[in-house]
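Asker: This structure is in structure tokens; I'll ask about it shortly.
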Amino acid sequence: MFVLVVGGGKVGYYLTKELIESGHEVALMEKERTRAGQIADEIGSVVIAQDGCEGKYLHEAGANRADIVAAVTGDDEDNLVICQMAKHHFDVPRTIARVNNPKNERLFRHLGVDEIISPTRMILGSIEQDIPVHELLHLAALGVGELEIIEAHLQPGSPAIGRVAMDLNVPQGCSLFGVIREGTPTPLRADTVLAEGDKVIAIGRPDCEVQLREQLIGRPDED
Amino acid sequence: MKAVVVGCGRVGAGVADELDRAGWQVLIIDLKSAAFDRLPASFTGTALRGDGTDEDVLRRAGAENADLFLALTEGDNRNIMAAQLGIEALGAGKTVAKVNDPVRAEAYAHLGIATLCRTNLMATQILGYAGQAVPPRPGIYVPENPHQHDTPVTAEPDATGLPGTPGNPGGVATPGIAGIAGIAGTPSAEA
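These protein sequence lines map, in sequence, to chains A and B.
Per the working numbering, the first sequence runs over residues 11 to 233.
Per the working numbering, the second sequence runs over residues 168 to 358.
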């Protein structure tokens with residue numbers, strides 16, 4: 011497998027090293043000469059000290075026979091262009107882009123990048139999964155931000171456990187519409203009995219949150 | 168008529184001023200507020216400091232559905248990305264990206280973006296002035312086809328399922344991005 015890595019930062023450097031160790035053919039493009047020289051001193055002649063955004067240098071680096079192009083520079087716009095050039099100009103079968111602004115993921119996929127890696131999103135996802143014990147999780151804003159989709163994870167101690175949905179005192183301007191139980195989403199009916207571990211999905215205005223938190227999470231001073 | 172200009176350099180500021188005088192509604196964006204010194208005091212449009220490749224910034228500034236979208240920053244790739252955001256996410260009409268690398272300028276014209284190549288423009292002018300016979304090198308590559316992207320815009324797993332489902336365990340919010348799916352397939356793709 012011939013992998014062309016573009017961007018010789020930390021990610022590109024370790025990626026190249028690992029790929030070599032697992033026996034792949036690799037070329038690394040890094041436009042900054044000093045950095046390129048540094049890496050070449052450590053891992054040898056696979057480094058090309060040229061800008062991987064330029065068609066001419068991509069060609070020289072062998073982009074037209076690459077199985078994979080991985081664009082891992084620190085700039086989203088560069089990674090997009092590298093992947094698009096690889097895909098449309100050099101017919102590379104598989105392109106991978108690092109994306110810093112998670113909002114660019116959808117655009118990149120839409121524009122034909124095969125795989126998108128977003129460290130920001132990964133860390134964000136991990137943080138949000140760890141924290142929400144006593145918090146509501148904001149999943150998305152609707153419209154111009156007046157409504158939000160909110161998730162409440164029912165932990166031990168939640169006053170909602172064992173109660174039927176219709177008995178909950180849901181604030182005005184807020185609606186509970188679904189529950190995820192053991193990974194399976196189902197609509198929340200009036201007679202659904204809530205259980206520990208349920209994830210209740212609600213839609214509502216931000217000012218409903220205090221009451222919603224009381225009903226589904228419990229008061230913070232209770233633990 | 169509405170125009171969005173990303174990059175307030177000499178060309179961006181000059182074009183923005185002309186359009187403003189001609190009665191257009193003009194929004195000009197640059198990363199540095201000092202760049203706006205290039206605009207004349209008479210400029211009545213909106214000058215906004217921000218990143219013109221950030222969809223949120225563009226939306227907040229009201230850059231949707233512009234009749235003319237010009238990406239004129241110093242960075243070829245920033246321009247290419249801003250232009251594609253304009254077309255695919257913001258429903259821009261006529262869109263031009265300044266791309267000084269002739270290879271990229273031609274490649275993106277094939278993908279359906281009008282590109283402006285200063286390298287070609289200047290080289291042609293200089294050689295012409297020097298009395299050399301010049302091979303025809305276009306200054307603006309006008310695309311023959313609508314803008315291409317190669318994934319069908321069908322719903323993605325995390326766009327249909329509930330947020331936080333196994334398909335999207337992080338349940339991370341992606342407001343704003345959905346706009347791309349909403350807009351593709353409308354006349355902007357056929358224009």
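In this text, a Cβ means the ideal position worked out from N, Cα and C, and glycines have one as well.
Just so we're clear, the structure is a prediction, and the values are computed from it rather than from any experiment.
Among B:L239, B:D243, B:G212 and B:D187, which residue has its Cα nearest to the Cα of A228 of chain B?
Answerer: On the second sequence, position 61 is the one that residue 228 of chain B refers to. A228 of chain B has its Cα closest to that of B:G212, out of B:L239, B:D243, B:G212 and B:D187.
Asker: Would you call V301 of chain B buried or exposed, if buried means 16 or more other Cβ atoms sit within 10 Å of its Cβ?
Answerer: Here residue 301 of chain B is taken as the residue at index 134 of the second sequence, counted from 1. Label assigned to V301 of chain B: exposed.
Asker: Is it buried or exposed for D243 of chain B, if we count other Cβ within 10 angstroms and need 16 for buried?
Answerer: For the purposes of this step, residue 243 of chain B is taken as residue 76 along the second sequence, with counting starting at 1. Flag for D243 of chain B reads buried.
Asker: Determine the closest residue to V171 of chain B out of B:A208, B:A264 and B:M289, with distance taken between C-alpha atoms.
Answerer: Sequence index remark: in the second sequence, residue 171 of chain B carries index 4 (1-based). Ranking B:A208, B:A264 and B:M289 by Cα distance to V171 of chain B puts B:A264 first.
Asker: Looking at L288 of chain B: is its Cβ nearer than 9 angstroms to the Cβ of G306 of chain B?
Answerer: Within the second sequence, numbered from 1, the residue matching residue 288 of chain B stands at position 121. Within the second sequence, numbered from 1, the residue matching residue 306 of chain B stands at position 139. In this structure, G306 of chain B lies closer than 9 angstroms to L288 of chain B by Cβ.
Asker: Return the chain-ordered list of same chain residues with a C-beta closer than 6 angstroms to the C-beta of L235 of chain B, the five sequence neighbours on each side being excluded.
Answerer: Counting from one through the second sequence, the residue named residue 235 of chain B turns up at place 68. Here the set comprises A170 and K261.
Asker: Measure the C-alpha to C-alpha separation of G331 of chain B and E161 of chain A and round it to an integer number of angstroms.
Answerer: Stepping through the second sequence from its first residue, residue 331 of chain B is reached at position 164. Stepping through the first sequence from its first residue, residue 161 of chain A is reached at position 151. The predicted position of G331 of chain B is uncertain, since its pLDDT is 35 and thus under 50; a value taken from the coordinates is nonetheless stated next. Distance between the alpha carbons of G331 of chain B and E161 of chain A: 8 angstroms.
Asker: Might you give, ordered along the chain, the residues of its own chain that have their beta carbon closer than 6 angstroms to the beta carbon of P342 of chain B, omitting 5 neighbours on each side?
Answerer: For the purposes of this step, residue 342 of chain B is taken as the residue at position 175 of the second sequence. Because the pLDDT at P342 of chain B is just 34, under 50, the model does not fix this residue reliably, and the value given afterwards should be weighed accordingly. No residues qualify anywhere along the chain.
Asker: What residues match up with F236 of chain B in a beta bridge as DSSP calls it?
Answerer: As a position in the second sequence, residue 236 of chain B is number 69, starting the count at 1. F236 of chain B is bridged to B:V171 and B:T262.
Asker: Step through the CB atoms of chain B and report whether any lies within less than 9 angstroms of the CB of H34 of chain A.
Answerer: In the first sequence, residue 34 of chain A corresponds to position 24, counting from 1. No - not a single Cβ of chain B is within 9 angstroms of the one on H34 of chain A.
Asker: Could you check the C-alpha separation between T286 of chain B and E222 of chain B for me, to the nearest Å?
Answerer: The residue labelled residue 286 of chain B in the question sits at position 119 within the second sequence. The residue labelled residue 222 of chain B in the question sits at position 55 within the second sequence. Taking the straight line joining both Cα atoms gives about 29 angstroms.
Asker: Please return the same chain residues whose Cβ sits closer than 8 angstroms to the Cβ of M176 of chain A, not counting the five positions on each side in sequence.
Answerer: Position 166 of the first sequence, counted from the start, is the residue given in the question as residue 176 of chain A. So the qualifying residues of the chain are A200 and D201.
Asker: From F210 of chain B to E185 of chain B, what does the alpha carbon distance come to, in whole angstroms?
Answerer: Counting from 1 along the second sequence, the entry for residue 210 of chain B is found at position 43. Counting from 1 along the second sequence, the entry for residue 185 of chain B is found at position 18. About 9 angstroms.
Asker: What's the C-alpha gap between V174 of chain A and P197 of chain A?
Answerer: Along the first sequence, read from residue 1 onward, the residue named residue 174 of chain A stands at position 164. Along the first sequence, read from residue 1 onward, the residue named residue 197 of chain A stands at position 187. Their Cα atoms are separated by approximately 13 angstroms.
Asker: Mind listing the chain B neighbours of D88 of chain A? Cutoff is C-beta to C-beta under 8 angstroms, in chain order.
Answerer: Position 78 of the first sequence holds residue 88 of chain A. Near D88 of chain A (Cβ distances below 8 angstroms), the residues of chain B are N244.
Asker: Quick check on DSSP: helix, strand or coil for I39 of chain A?
Answerer: On the first sequence, position 29 is the one that residue 39 of chain A refers to. A small correction: the amino acid at residue 39 of chain A is Met; Ile does not occupy that position in the sequence shown. M39 of chain A: strand per DSSP, three-state reduction.
Asker: Would you mind stating whether I1 of chain A and V82 of chain A have Cβ atoms separated by less than 9 angstroms?
Answerer: The requested residue 1 of chain A is not part of the displayed model; chain A covers only 11 to 233.
Asker: Spatial neighbours of P230 of chain B within its chain, please: CB distance less than 7 angstroms, with the 5 preceding and 5 following residues excluded, ordered by chain position.
Answerer: As a first step, residue 230 of chain B is located in the second sequence; it is residue number 63 there, counting from the start. Rather than Pro, the amino acid found at residue 230 of chain B in this sequence is Ala. Excluding residues within five positions, the ones whose Cβ falls inside 7 angstroms are V171, L194 and L257.
Asker: Do the region 68–82 of chain A and the region 174–189 of chain B meet, that is, are 3 or more Cβ pairs less than 8 angstroms apart?
Answerer: Not touching, per the Cβ criterion.
Asker: I need the boundaries of the alpha helix (DSSP H) containing T26 of chain A, first residue and last residue.
Answerer: As a first step, residue 26 of chain A is located in the first sequence; it is residue number 16 there, counting from the start. K20 to E31 is the span of the alpha helix (DSSP H), which, as asked, contains T26 of chain A.
Asker: Please list the segments of the beta strand (DSSP E) lying wholly inside the region 93–155 of chain A, counting only runs of 3 or more residues, in order along the chain.
Answerer: Segments of the beta strand (DSSP E) lying fully in the region 93–155 of chain A: 104–108, 125–127 and 147–152.
Asker: Helix, strand or coil, according to DSSP, for R226 of chain B in the structure here?
Answerer: Working through the second sequence from its first residue, we reach residue 226 of chain B at position 59. Correct three-state label for R226 of chain B: helix.
Asker: Determine the direct distance from the alpha carbon of I126 of chain A to that of G167 of chain A, and round the result to whole angstroms.
Answerer: Residue 167 of chain A sits at position 157 when you count from the first residue of the first sequence. Residue 126 of chain A sits at position 116 when you count from the first residue of the first sequence. Approximately 39 angstroms, taken between the alpha carbons.
Asker: What are the residues in the region 194–225 of chain B lying within 8 angstroms of chain A by C-beta distance?
Answerer: Listed by position, the residues of the region 194–225 of chain B near chain A (Cβ gap below 8 angstroms) are T220, D221, E222 and D223.
Asker: Per DSSP, which residues does Q192 of chain B bridge with? Please list them.
Answerer: Translated into the one-based positions of the second sequence, residue 192 of chain B becomes position 25. BP columns for Q192 of chain B point to B:K169.
Asker: Please determine, among A:V109, A:D101, A:V91 and A:A71, the residue with the shortest C-alpha to C-alpha distance to G84 of chain A.
Answerer: Along the first sequence, one-based indexing puts residue 84 of chain A at 74. Ranking the options by Cα distance to G84 of chain A, first place goes to A:V109.
Asker: Using the three-state DSSP reduction, which class does C184 of chain A fall into: helix, strand or coil?
Answerer: For the purposes of this step, residue 184 of chain A is taken as residue 174 along the first sequence, with counting starting at 1. The answer is strand: DSSP assigns C184 of chain A an E or B state.
Asker: For the beta strand (DSSP E) holding P269 of chain B, just list the boundary residues, first then last.
Answerer: By one-based count along the second sequence, residue 269 of chain B stands at place 102. Taken as a continuous stretch (DSSP letters only), P269 of chain B belongs to no beta strand (DSSP E), being part of the alpha helix (DSSP H) at P269 to H277.
Asker: Pick out whichever of B:A214, B:C175 and B:E241 has its Cα sitting closest to the Cα of Q192 of chain B.
Answerer: Numbered from its first residue, the second sequence carries residue 192 of chain B at position 25. Answer by Cα proximity: B:A214.
Asker: Under 8 angstroms Cβ-Cβ, which residues of chain B neighbour M39 of chain A?
Answerer: Working through the first sequence from its first residue, we reach residue 39 of chain A at position 29. Ordered by position in chain B, no residue passes the 8 angstroms Cβ test against M39 of chain A, which lies about 14 angstroms from the chain.
Asker: Which residues, in chain order, does the region 256–270 of chain B contribute to contact with chain A at a C-beta distance below 7 angstroms?
Answerer: Listed by position, the residues of the region 256–270 of chain B near chain A (Cβ gap below 7 angstroms) are A256, D268 and V270.
Asker: Can you find the residues in the same chain that come closer than 8 angstroms, C-beta to C-beta, to S185 of chain A, ignoring five residues on each side of it along the sequence?
Answerer: In the first sequence, counting from the first residue as 1, residue 185 of chain A sits at position 175. The residues are A212, I213 and G214.
Asker: Give the straight-line distance between the Cα atoms of G3 of chain A and L152 of chain A, rounded to the nearest whole angstrom.
Answerer: This structure cannot settle anything about residue 3 of chain A, because the visible part of chain A is limited to 11 through 233.
Asker: Flag this pair as yes or no: are the beta carbons of H69 of chain A and H277 of chain B separated by less than 9 angstroms?
Answerer: Looking up residue 69 of chain A in the first sequence gives position 59. Looking up residue 277 of chain B in the second sequence gives position 110. No, they are not a contact pair.
Asker: State the Cα-Cα distance for the pair P336 of chain B and R205 of chain B, rounded to the nearest angstrom.
Answerer: Locating residue 336 of chain B in the second sequence gives position 169, where the first residue counts as 1. Locating residue 205 of chain B in the second sequence gives position 38, where the first residue counts as 1. Because P336 of chain B sits at a pLDDT of 38, beneath the cut-off of 50, its placement in the model cannot be relied upon, and the following sentence gives the value as read from the coordinates. Rounded to whole angstroms, P336 of chain B to R205 of chain B spans 48 angstroms at the Cα level.
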